[in-house]
Amino acid sequence: MSALPKKRKSISYAKWGYIFIIPFFVVFAIFNLIPLASTIYKSFFEEYLVMGYEQIGPTFIGLENYEAVFAAGSGLGKYFLNTLIIWILGFVPQIFLSLLFASWFTDLRLKLKCGVYKIIIYLPNIIMAAAMGMLFFTMFSTNGPINSIYMNITGAKSPYLFFDNMWAQRGIVSLINFLMWYGNTTIMLMAAINGIDTALFESAQIDGATPTKIFTKITLPLIRPILLYVLVTSLIGGIQMFDVPQILTADGESVNRTSMTVVMYLNKHLYSKNYGMAGAVSVILFFVAAILSILVFFMMKERDVKPRKTAKGVKK
Amino acid sequence: MAISPDVVGQKGGKAFLNFRRVICYTVLTLICIISLFPFFVLIINMTRSNSDIQKGFALLPGKYLIDNFKTVLLNSEWKMINSLKNSFIIAACASLLSTYFSALTAYAIHVYEFRLKKFAFTFILVIMMIPAQVSALGFVNLIKRMDLFNSFIPLIIPSIAAPATFFFMKQYMESSLPLDIVEAARIDGSGEFRTFNSLIMPIMKPAIAVQMIFTFVSNWNNYFIPALILSDKNKKTLPIVIALIRSADYAKFDMGAVYMSIGISILPVALVYLFLSKFIIRGIAIGSVKG
Numbered sequence: 001m002s003a004l005p006k007k008r009k010s011i012s013y014a015k016w017g018y019i020f021i022i023p024f025f026v027v028f029a030i031f032n033l034i035p036l037a038s039t040i041y042k043s044f045f046e047e048y049l050v051m052g053y054e055q056i057g058p059t060f061i062g063l064e065n066y067e068a069v070f071a072a073g074s075g076l077g078k079y080f081l082n083t084l085i086i087w088i089l090g091f092v093p094q095i096f097l098s099l100l101f102a103s104w105f106t107d108l109r110l111k112l113k114c115g116v117y118k119i120i121i122y123l124p125n126i127i128m129a130a131a132m133g134m135l136f137f138t139m140f141s142t143n144g145p146i147n148s149i150y151m152n153i154t155g156a157k158s159p160y161l162f163f164d165n166m167w168a169q170r171g172i173v174s175l176i177n178f179l180m181w182y183g184n185t186t187i188m189l190m191a192a193i194n195g196i197d198t199a200l201f202e203s204a205q206i207d208g209a210t211p212t213k214i215f216t217k218i219t220l221p222l223i224r225p226i227l228l229y230v231l232v233t234s235l236i237g238g239i240q241m242f243d244v245p246q247i248l249t250a251d252g253e254s255v256n257r258t259s260m261t262v263v264m265y266l267n268k269h270l271y272s273k274n275y276g277m278a279g280a281v282s283v284i285l286f287f288v289a290a291i292l293s294i295l296v297f298f299m300m301k302e303r304d305v306k307p308r309k310t311a312k313g314v315k316k
Numbered sequence: 317m318a319i320s321p322d323v324v325g326q327k328g329g330k331a332f333l334n335f336r337r338v339i340c341y342t343v344l345t346l347i348c349i350i351s352l353f354p355f356f357v358l359i360i361n362m363t364r365s366n367s368d369i370q371k372g373f374a375l376l377p378g379k380y381l382i383d384n385f386k387t388v389l390l391n392s393e394w395k396m397i398n399s400l401k402n403s404f405i406i407a408a409c410a411s412l413l414s415t416y417f418s419a420l421t422a423y424a425i426h427v428y429e430f431r432l433k434k435f436a437f438t439f440i441l442v443i444m445m446i447p448a449q450v451s452a453l454g455f456v457n458l459i460k461r462m463d464l465f466n467s468f469i470p471l472i473i474p475s476i477a478a479p480a481t482f483f484f485m486k487q488y489m490e491s492s493l494p495l496d497i498v499e500a501a502r503i504d505g506s507g508e509f510r511t512f513n514s515l516i517m518p519i520m521k522p523a524i525a526v527q528m529i530f531t532f533v534s535n536w537n538n539y540f541i542p543a544l545i546l547s548d549k550n551k552k553t554l555p556i557v558i559a560l561i562r563s564a565d566y567a568k569f570d571m572g573a574v575y576m577s578i579g580i581s582i583l584p585v586a587l588v589y590l591f592l593s594k595f596i597i598r599g600i601a602i603g604s605v606k607g
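Protein chains in written order, with the numbering used here: chain A, 1 to 316; chain B, 317 to 607.
See below:
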């Protein structure tokens, strides 16, 4: 029966490909692209409410909104800096601890029983950020548990006003970010380390390498692309920071707006229907996010190629 | 960790190994206690009265659990039950739509050959990381023009286009959806759409379950966009109510009720998580990065 190979390919299924992706792209166009275009459009107009009811504009004013946003007094630079500082304060301990935990959990000789730990460290991530903020606000308030512990230990007569101090306030926001994300990062890094060929670790062990050496000479270099990925995705998450500081710092107003983030600033304009300025801030935010996204995109492409190479190199 | 044994023989190695284990478990337990401390405080204070809480922190629970529960649920300003219902409707619908259509889109890109396939895939990957906030202004305007303020539709329908869920589905298909199955279904005369619904969806169940949980949780927790769309008292979702409670007057603060309201929003999700945790954690590992 050496008949001709069946020409099933001659039936084209391409049309189904298009049909199946239609819902995604139509919805995306309506709810993301049109809003994005109109945001950019609005950024060139003067439009705001006076005293909450009298509408001014829209009048075309070119780049004036951008000039206003970039002007020294607008505070945008300060809010970007606030965001960055709070992000760094949370990210540095997070990546350090995640690396440590991931290396412990995957250590072939330690053989830790880590099931329960993995469950606990990821738990804060599923909690509503708003609730988390609220919980920490009550915990650090003047008559909250942290202050009663503080007064018991130090013998201080009056409670410490955490939300009246710039660094304490930023620190608490960072602490929440840290608690919410270190578990997630640990699990991602674990997945990356588990992807490394175990033969590499075994032979290093036989050669007498110490755990520290194995970690710095084998694990770290091999998971570098994923570390970078974690860094950039965390940065993208960082510039979106909103819920936690919004709730902890009385909509950003407390301590001279020193914990106000960029998105909180945007929200302020949106809420007071100050559309022209909100548009300009959005566009700037869009460009920052777009640059970071493109970075991530190239990292993902690189990662798709890499594992195959190493797999070929150390074939068993 | 800098202590290195001179001999890597069995004996020295074993003592050293045990020493390392002790350090690891101690640090892990310590960090876990820090992670759990807020939840401990929450649960204890949910059971205490306002005046007790004002006096200071206690390690043992009080007797006001039921009272606090009643105070929160019956508060006419907060409308807790209503906001729970609203949050549930939005999160459930969004997670159903999001997972189904993401799987469908991923299937199209995974199985079919068409000219725009590569473009579509690249496009989704590039937009994946762009936060929703950047187009919030345009989104609010669009919703105003569509006359959908205080409606759940603008919070549910957009979830059909969920790039991150799509990416996860695509990853999962690459690892566990052989194209032969599709081919076999075609020979049996199954239509393309039917193949997807009755053959592919069951295979994708694990991935769909994980993503449904994630999408549900992120919608349940979402604050930024709902706060801009929903202003009607009866339409508010949980995070908006939480923010409302936070901004309430200090004098009116009933701390027991505040803790209770936080508990009500956190604990259902936390319990579901604890039941499904193994499953979820495996899911994060599959979806995030491969190798």
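A virtual CB, placed ideally from N, CA and C, is assigned to each residue, including glycine.
The C-beta of M134 (chain A) comes closer than 9 Å to at least one C-beta of chain B. With distances taken between CA atoms, R431 (chain B) lies nearest to A:G17 out of A:G276, A:G17, A:P245. Remark: C-beta atoms of G238 (chain A) and G75 (chain A) do not approach each other more closely than 9 Å. At a cut-off of 9 Å between beta carbons, F509 (chain B) contacts chain A. Residue pairing by DSSP puts Q55 (chain A) in a beta bridge opposite A:L49. Burial check for Q94 (chain A): the Cβ neighbour count within 10 Å reaches 16 or more, so the residue is buried.
For the region 62-93 of chain A, the set of residues with a beta-carbon nearer than 7 Å to any beta-carbon of chain B is empty.
Separation of the CB atoms of V283 (chain A) and T39 (chain A) is rounded to 7 Å, and the pair is thereby assigned contact status at 8 Å. Within 7 Å of the CB of M300 (chain A), the CB atoms of chain B belong to L441, in sequence order along the chain.
With the rule of 3 Cβ pairs closer than 8 Å, the region 526-545 of chain B counts as touching the region 410-418 of chain B. In the DSSP assignment, the residues bridged to F60 (chain A) are A:F45.
Residue nearest to L112 (chain A) within the set B:F569, B:G579, B:L333, B:M517 is B:L333 (criterion: CA-CA distance). Think of a sphere of 8 Å around the beta carbon of K433 (chain B): the chain A residues whose beta carbon falls inside it are G17, in chain order.
Contact between V27 (chain A) and P474 (chain B) holds: their C-beta atoms lie close to 6 Å from each other, under 8 Å. Residues of chain B whose Cβ lies closer than 7 Å to the Cβ of Y275 (chain A) are, in chain order, L453. The CB of Y423 (chain B) comes closer than 7 Å to the CB of F20 in chain A, given here in chain order. For K486 (chain B), the number of other beta carbons within 10 angstroms of its own is at least 16, and it is reported as buried. Taking 4 residues as the minimum length, the alpha helix (DSSP H) runs contained wholly in the region 354-427 of chain B are 366-371, 381-390, 396-427, in order along the chain.
Proximity of chain B to V296 (chain A) at the Cβ level (cut-off 7 Å) is accounted for by M445, in chain order.
Boundaries of the alpha helix (DSSP H) harbouring M166 (chain A): 166-194, taken from the DSSP string. Cβ neighbours of A192 (chain A) within its own chain (closer than 6 Å, five residues either side excluded): I223, I226. Setting aside the 5 residues that flank it on each side, V557 (chain B) is surrounded in the same chain by W394, S399, each with a C-beta closer than 6 Å to its C-beta; the list follows chain order. At a cut-off of 9 Å, the C-beta of A14 (chain A) has a neighbouring C-beta in chain B. For A500 (chain B), the enclosing alpha helix (DSSP H) stretches over residues 495-503. In its chain, beyond the 5 residues on either side, P470 have a beta carbon closer than 7 Å to the beta carbon of L464 (chain B). Each residue's CA atom was taken as its position, placing T59 (chain A) and L248 (chain A) some 37 Å apart. Pairing I443 (chain B) with V357 (chain B), the inter-Cα distance amounts to about 40 Å. Residue state for D463 (chain B) is assigned as coil, using DSSP reduced to three classes. Across the set A:M277, A:N274, A:P245, A:E253, the C-alpha of A:P245 shows the shortest separation from the C-alpha of A129 (chain A). For S148 (chain A), the enclosing alpha helix (DSSP H) has its first and last residue at 145-154. Around the beta carbon of S293 (chain A), 16 or more other beta carbons lie within 10 angstroms, which makes this residue buried. Nearest C-alpha to I176 (chain A) among A:P221, A:I126, A:D164: A:I126.
When DSSP states are grouped into helix, strand and coil, E67 (chain A) belongs to the helix group. Between the alpha carbons of L228 (chain A) and T216 (chain A) lies a distance of about 16 Å. Apart from sequence neighbours up to five positions away, the residues of its chain that approach K273 (chain A) with a beta-carbon distance below 6 Å are L49, ordered along the chain.
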